[in-house]
Amino acid sequence: MAAADMADLGLARGDAAVVVLPNTRTPGLPGARNTGIAACDTDLVAFCDDDDVWLPGKLTAQVRALRDASGEFASCGIEVAYGHRRVARLAGTESITADDLLRSRMVMVHSSTFLFVRGALWVDESAPAGQNEDWDLALRAAKRRPIAHVDRPLVRVRWGGSHYVARWADRIAGLDWMLARYPELAVDPRGAARVYGQLAFSHAALGRRREAARWALRTFAARAAEPRAPIALAVAAGLVSAPTVLSMLHNRGHGI
0 MAAADMADLG
10 LARGDAAVVV
20 LPNTRTPGLP
30 GARNTGIAAC
40 DTDLVAFCDD
50 DDVWLPGKLT
60 AQVRALRDAS
70 GEFASCGIEV
80 AYGHRRVARL
90 AGTESITADD
100 LLRSRMVMVH
110 SSTFLFVRGA
120 LWVDESAPAG
130 QNEDWDLALR
140 AAKRRPIAHV
150 DRPLVRVRWG
160 GSHYVARWAD
170 RIAGLDWMLA
180 RYPELAVDPR
190 GAARVYGQLA
200 FSHAALGRRR
210 EAARWALRTF
220 AARAAEPRAP
230 IALAVAAGLV
240 SAPTVLSMLH
250 NRGHGI
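The sequence shown begins at 0 in numbering that gives the first Met the number 0 and counts up one residue at a time.
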């Protein structure tokens with residue numbers, strides 16, 4: 000934590016410490032997050048995944064944004080790091096609504112950017128294999144009050160090393176879970192096509208050609224211009240591999 004961040008939060012350097020706790024709740028990421036939240040006695044809680052890095056000024060800027068907006072949940076822009084590449088992903092806004100998060104996952108509203116009032120929200124531990132627990136948390140926060148967003152890259156998100164990236168069955172389960180929890184995801188054509196296209200790609204990556212084609216058709220029906228559908232069909236047909244597609248996208252600071 001930068002010195003300016005610590006001062007803004009009322010901390011001295013000697014107050015900074017790392018406490019390692021066993022997960023006392025549901026096994027997995029959501030339970031671990033809630034274990035940490037429950038152990039805190041602070042006004043605010045922030046997340047930082049083990050492969051990400053907060054950049055100087057992150058907390059200071061977010062605390063100020065929360066105060067200015069009288070908000071309870073903040074995010075910020077990110078810098079995607081993949082190999083030697085660095086790509087900034089910004090939202091182009093200082094306020095993010097639930098409608099924004101239904102239309103687009105908004106990669107910059109990333110778990111490692113979250114800063115929120117302790118006790119206002121908890122991570123849903125029913126998220127399958129911890130998939131989409133962050134998207135769900137941000138959506139629930141935005142439904143309560145718009146998210147205060149600092150549109151500067153204040154978190155470096157390292158892609159390529161996470162074990163979550165290629166767990167396609169878990170990703171399918173997580174997307175199915177979100178569709179069941181938020182029927183409104185199917186209402187906005189762009190948002191629906193994105194989720195359907197991700198399902199098509201995940202099934203294609205597992206070699207499930209029939210399921211990939213079925214979801215690709217639903218993608219086209221929702222939005223003909225959605226690029227994930229033809230990409231999923233190309234993977235299903237063996238024209239390109241899923242890892243190759245991901246590598247090309249990650250080089251540009253994007254995911255599937």
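Virtual Cβ for every residue (Gly too), placed ideally from N, Cα, C.
| Check | Outcome |
| --- | --- |
| Under 8 Å between C-beta atoms of E124 and R209 | no |
| Beta-carbon contacts of L10 that lie in its chain and below 7 Å, excluding the five residues immediately before and after | Note that L10 has pLDDT 49, beneath the 50 cutoff, so the model's placement of it is unreliable and the number below is only indicative. Answer for L10: no residue qualifies. |
| Straight-line gap, L174 to A126 (C-alpha atoms, nearest Å) | 10 Å |
| Contiguous beta strand (DSSP E) assignments of at least 3 residues, all confined to the region 102-174 | 114-116, 146-157 |
| First through last residue of the beta strand (DSSP E) which encompasses V17 | Segment: none, V17 is in no beta strand (DSSP E) and carries neither H nor E. |
| Classification of G237 by the beta-carbon crowding that lies within 10 angstroms, buried from 16 upward | exposed |
| Nearest candidate by alpha-carbon position, reference V18, set D135, G27, S103, I36 | I36 |
| A212 versus S246: straight-line alpha-carbon distance, rounded | 23 Å |
| Rounded separation between Q130 and R66 - CA only | 31 Å |
| Boundaries (first-last residue) of the alpha helix (DSSP H) holding E210 | 208-221 |
| Exposure label - C39; buried when at least 16 CB within 10 Å | exposed |
| N- and C-terminal bounds of the alpha helix (DSSP H) containing D67 | 57-68 |
| Beta strand (DSSP E) segment containing A45, residue limits | 43-45 |
| Inter-residue spacing [alpha-carbon to alpha-carbon] between A220 and P226 | 13 Å |
| Segment limits, alpha helix (DSSP H) that includes G196 | 188-204 |
| Beta-carbon spacing of D51, V149 below 8 Å | no |
| At least three beta-carbon pairs within less than 8 Å, the region 94-102 to the region 135-142 | yes |
| Bounding residues of the alpha helix (DSSP H) (the contiguous stretch that carries S246) | 241-250 |
| Among E183, A87, H83, the one whose alpha carbon lies nearest that of C75 | A87 |
| Contacting residues, own chain, Cβ-Cβ under 6 Å from A128 (five flanking each side not counted) | D169 |
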